[in-house]
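Peer 1:
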Amino acid sequence: MTLRLWHRQSLMTTQLAELPELHQMMRQTCRDYAQKELAPIAAQLDKDHKFPAKQVKELGAMGVMAVEVPESLGGAGMDYLAYCLAVEELSRGCASTGVIVSVNNSLYLGPILKFGTEEQKKQWITPFTTGERVGCFALSEPGNGSDAGAASTLAQQEGDEWVLSGTKAWITNCWDASATVVFATTDKSLKHKGISAFLVPMPHPGLSLGKKEDKLGIRASSTANIILEDCRIPLGNMLGERGMGFNIAMQTLDSGRLGIAAQALGIAQAALDCSADYAHKRTAFGAPIGKLQAIQFKLADMALAIESARLLTWRAAMLRDAKKPFTKEAAMAKLAASEAATFVSHQAIQVLGGMGYVTDMPAERHYRDARITEIYEGTSEIQRLVIANNILKEYQQ
Amino acid sequence: MHLFSMFLKFQHHLYCLCLPQIRVKPDHTGVVTDGVKHSMNPFCEIAVEEAVKLKEKKLVKEVVAVSCGPQQVQETIRTALAMGADRGIHVEVSGKDYETLGPLQVSKILAALAKKEQADLIILGKQVADFRDSGTFASEVNIEADKLKVVREVDGGLETIKIKLPAVVTADLRLNTPRYATLPNIMKAKKKKIANVKPADLGVDVSSRLEVLKVDEPPQRQAGVKVETVNDLVGKLKEAGTI
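Read top to bottom, the protein sequences are chains A and B. Going by the working numbering, the first sequence opens with residue 1, and the numbers climb by one from there. Going by the working numbering, the second sequence opens with residue 1001, and the numbers climb by one from there.
Below, the structure written as structure tokens:
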């Protein structure tokens, strides 16, 4: 069903006409891959809670696991807009694969690329560009998510080592990761200015993983606690300067939320694909339900929500690529896209009726996958605060 | 009709010819070309893949992608470049000429181009049956010395032949699995050259020899009839006069 839909869409030049040719080609290649290799297995990956190792390797070979990383370090050397397009297209096929790609690109490679030394880049970036290894990002703790400044994980210097202790929570990719960026307090008295960032290989003595969370959605990606007990790493494993951790985290999340916006767009689009196709085929009251205004209004609202969020996402990405401030726009994009994903997937089930509630159709999976996008990498509430703060600054007397 | 070809160069080039998905125009005067994304058809993708593989095996020196058609075909040439072709040639045919472009004119264009570029090997998607040569429906292609060893899928099974170069080969489904263009290759494709050529430059007259009277879609598939027993089936077949 969806295959024919995507093919038909590829016959319409309108969707791709606005993007530069390079980006169109890249988007098409990701779309083809998602359609042929991800969409057919997404339901099974979800049922089995299974990490798509083979696909991640193939995506690595295509350059998608390290889109922004320069070629000299093994990446594709493309821009952030290209990365957002890639994540959206892949998420349209499988939302879990989308977040695996996003976390590796934005949350793991991102901060190392920006704040790492040349040595650190070679050691911690290059092996993670091929799809053979993925990384993760450990900021949240059982005691604080949104309140990132209250990190209680400690880092104490003992001779030529840092000793980390504490627990990190909700870490995406951790059961499948080979390294993590961890945030810990080096100076509790300095509060958020006392947080530093560290690079820890996985597995490593003193680092253990909690149970894999049994999640509502994105089940093919692993989520668990990371427990640090007397975890010793060389001094050279600090990322950036001492006390820079909070700053690094916030800057990383600014970009990361565009990756999540892209993922949310992919999920929303898949839900719309499913609904529009069903509207053509399902008949009631003597005609396809697509003829009924009730369904038409839903499809229009769904498409509008997606397209608006998509343009916000592209714009934020383009601002970032132009090295202009993009914090407000990124927050708007993530907020709009995640709310679009939950709205569209909710309506998709409504359009499908009973069929939307069973696993025979992908609508229920899109509904379950969509929900997390309003929570991770900055809740919708935090996004609103970020936007409001920026607005108020703009209007400062 | 949108036609796409590939030239491969050992010392020479290899061709691949493709046809896109087509839909009949409502007024039955031809097929729809507006708004149809000129994407490579699967047989062309396979031909491109084979060409690039031969180059990776160092049996081929240069791969040239050729396409005949309007401006939009450049997209498909770029896709071939992103898959690994070295350069492209766009034979510009647009408007009325494009609508009436038939196999005869295309063969002349490709033949003229092949001579000009000194193509050694031409790989086409198997949809094009107008080229007379023996390497059709290839499911395996190997180069041995200065000959081409081709395994062909024929009605009776598989046939292995050796052909002298220059030669034409058409790609069948089982020849290979086309690669996805990688992001670095898509970036590199941007810098590769696509030359612009007009049919007149090749001394080919593309004016139509044929007048299309009518184009129809194939008849809609009729619903079948279900029967309960074998005797019923025999009865129905007798009724239809088929036995």
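Just so it is clear, CB atoms sit at the ideal spot from N, CA and C, and this is done for glycine as well.
Closer than 9 Å, Cβ to Cβ, to anything on chain B: give me those residues from the stretch 75–102 of chain A, in chain order.
Peer 2: For the stretch 75–102 of chain A, residues whose beta-carbon sits nearer than 9 Å to a beta-carbon of chain B comprise G75, A76, G77, M78, A82 and A86.
Peer 1: Does chain A have any CB closer than 7 Å to the CB of B/L1059?
Peer 2: The residue you call residue 1059 of chain B lines up with position 59 of the second sequence. So, not an interface residue.
Peer 1: Please list the residues of the stretch 1178–1193 of chain B that have a C-beta atom closer than 8 Å to any C-beta atom in chain A, keeping them in chain order.
Peer 2: Y1180, A1181, T1182, L1183, P1184, I1186, M1187, A1189 and K1190
Peer 1: Taking the DSSP output, what are the residues bridged to A/S196?
Peer 2: For this step, residue 196 of chain A is matched to residue 196 along the first sequence. For A/S196, which the question treats as bridged, DSSP gives the partners A/A184.
Peer 1: Quick one: any contact between the stretch 83–103 of chain A and the stretch 224–237 of chain A, if contact means 3 or more CB pairs under 8 Å?
Peer 2: no
Peer 1: Quick check: what's the CA-CA separation for B/E1239 versus B/E1228?
Peer 2: Stepping through the second sequence from its first residue, residue 1239 of chain B is reached at position 239. Stepping through the second sequence from its first residue, residue 1228 of chain B is reached at position 228. Straight-line Cα distance between these residues: approximately 16 Å.
Peer 1: Quick one: which chain A residues come within Cβ less than 7 Å of B/A1082?
Peer 2: On the second sequence, residue 1082 of chain B is found 82 positions in, with the first residue counted as 1. Neighbours of B/A1082 across chain A, judged by C-beta separation under 7 Å: M25.
Peer 1: Please return the same chain residues whose Cβ sits closer than 7 Å to the Cβ of B/R1078, not counting the five positions on each side in sequence.
Peer 2: Within the second sequence, the letter at position 78 stands for residue 1078 of chain B. The residues are A1189.
Peer 1: Taking 7 Å as the CB-CB cut-off, is A/T283 touching chain B?
Peer 2: Taking the first residue of the first sequence as position 1, residue 283 of chain A is located at position 283. No - not a single Cβ of chain B is within 7 Å of the one on A/T283.
Peer 1: Tell me which residue opens and which closes the beta strand (DSSP E) that A/P234 is part of.
Peer 2: Stepping through the first sequence from its first residue, residue 234 of chain A is reached at position 234. It spans T223 to P234 - the beta strand (DSSP E) in which A/P234 sits, taken as one unbroken run.
Peer 1: Going by the DSSP bridge assignment, what does B/I1089 pair with across the sheet?
Peer 2: Translated into the one-based positions of the second sequence, residue 1089 of chain B becomes position 89. In the DSSP output, where bridge partners are listed per residue, B/I1089 has B/V1066 and B/A1195.
Peer 1: Please report the straight-line C-alpha distance between A/D32 and A/M26, rounded to a whole angstrom.
Peer 2: Indexing the first sequence from 1 puts residue 32 of chain A at position 32. Indexing the first sequence from 1 puts residue 26 of chain A at position 26. Computed Cα separation, rounded: 10 Å.
Peer 1: Anyone know if the C-beta pair for A/A363 and A/I382 falls short of 7 Å?
Peer 2: On the first sequence, residue 363 of chain A is found 363 positions in, with the first residue counted as 1. On the first sequence, residue 382 of chain A is found 382 positions in, with the first residue counted as 1. Taking 7 Å as the Cβ cut-off, A/A363 and A/I382 do not qualify as a contacting pair.
Peer 1: DSSP three-state call for B/M1040: helix, strand or coil?
Peer 2: As a first step, residue 1040 of chain B must be located in the second sequence, where it is residue number 40. Looking at B/M1040 - three-state DSSP - the assignment turns out to be coil, as it is neither helix nor strand.
Peer 1: What are the boundary residues of the alpha helix (DSSP H) that includes A/R310?
Peer 2: Position 310 of the first sequence, counting from 1, holds the residue named residue 310 of chain A. Its alpha helix (DSSP H) spans residues Q293 to D321.
Peer 1: Report the option in A/K121, A/T283 and A/E88 whose CA atom is closest to the CA atom of A/A268.
Peer 2: The residue labelled residue 268 of chain A in the question sits at position 268 within the first sequence. Here the closest residue by C-alpha is A/E88.
Peer 1: Please report how far the alpha carbon of A/A148 lies from the alpha carbon of A/N105, in whole angstroms.
Peer 2: For this step, residue 148 of chain A is matched to residue 148 along the first sequence. For this step, residue 105 of chain A is matched to residue 105 along the first sequence. Roughly 21 Å separates the two Cα atoms.
Peer 1: Indicate the three-state DSSP secondary structure (helix, strand or coil) for A/C136 in the structure shown.
Peer 2: Translated into the one-based positions of the first sequence, residue 136 of chain A becomes position 136. In the structure shown, A/C136 sits in a strand (DSSP, three-state: E or B).
Peer 1: Can you give me the Cβ contacts of B/G1235 inside the same chain, cut-off strictly under 7 Å, excluding the 5 residues immediately before and after it?
Peer 2: Working through the second sequence from its first residue, we reach residue 1235 of chain B at position 235. Excluding positions up to five away in sequence, the list is empty.
Peer 1: Please identify the residue among A/V181, A/G60 and A/K50 whose C-alpha is closest to the C-alpha of A/Q120.
Peer 2: Position 120 of the first sequence holds residue 120 of chain A. Closest option to A/Q120, Cα to Cα, is A/V181.
Peer 1: In chain A, which residues lie less than 9 Å from B/T1079 when you measure between Cβ atoms?
Peer 2: Taking the second sequence and counting its residues from 1, one reaches residue 1079 of chain B at position 79. From the beta-carbon of B/T1079, the residues of chain A found nearer than 9 Å are M25, Q28 and T29.
Peer 1: In the structure shown, what three-state DSSP assignment does A/G110 receive?
Peer 2: Translated into positions along the first sequence, residue 110 of chain A becomes position 110. Of the three classes helix, strand and coil, the one that applies to A/G110 here is helix, per DSSP.
Peer 1: Which residues in the same chain as B/T1160 place their Cβ atom closer than 6 Å to its Cβ, once the five residues preceding and following it in sequence are excluded?
Peer 2: If you number the second sequence from 1, residue 1160 of chain B lands on position 160. Around B/T1160: V1151.
Peer 1: In terms of residue numbering, what span does the beta strand (DSSP E) encompassing B/K1162 cover?
Peer 2: Within the second sequence, the letter at position 162 stands for residue 1162 of chain B. Counting along the chain, the beta strand (DSSP E) containing B/K1162 begins and ends at G1157 to K1164.
Peer 1: Assuming the contact rule is C-beta atoms closer than 8 Å, A/T172 and A/L164 should be a hit. Round their C-beta distance to whole Å, please.
Peer 2: Along the first sequence, one-based indexing puts residue 172 of chain A at 172. Along the first sequence, one-based indexing puts residue 164 of chain A at 164. With a Cβ gap of about 20 Å, A/T172 and A/L164 do not count as contacting.
Peer 1: Taking the alpha carbon of A/Q123 as the reference point, which residue from A/K57, A/P201 and A/L90 has its own alpha carbon closest?
Peer 2: Walking along the first sequence from the start, residue 123 of chain A turns up at place 123. The option with the nearest alpha carbon to A/Q123 is A/P201.
Peer 1: Helix, strand or coil, according to DSSP, for B/V1169 in the structure here?
Peer 2: Here the question's residue 1169 of chain B lines up with position 169 in the second sequence. B/V1169 falls in the strand class under three-state DSSP.
Peer 1: Applying the 10 Å Cβ sphere with the 16-neighbour rule, what's the burial state of A/E37?
Peer 2: Here residue 37 of chain A refers to the residue found at position 37 when the first sequence is read from its first residue. Buried.
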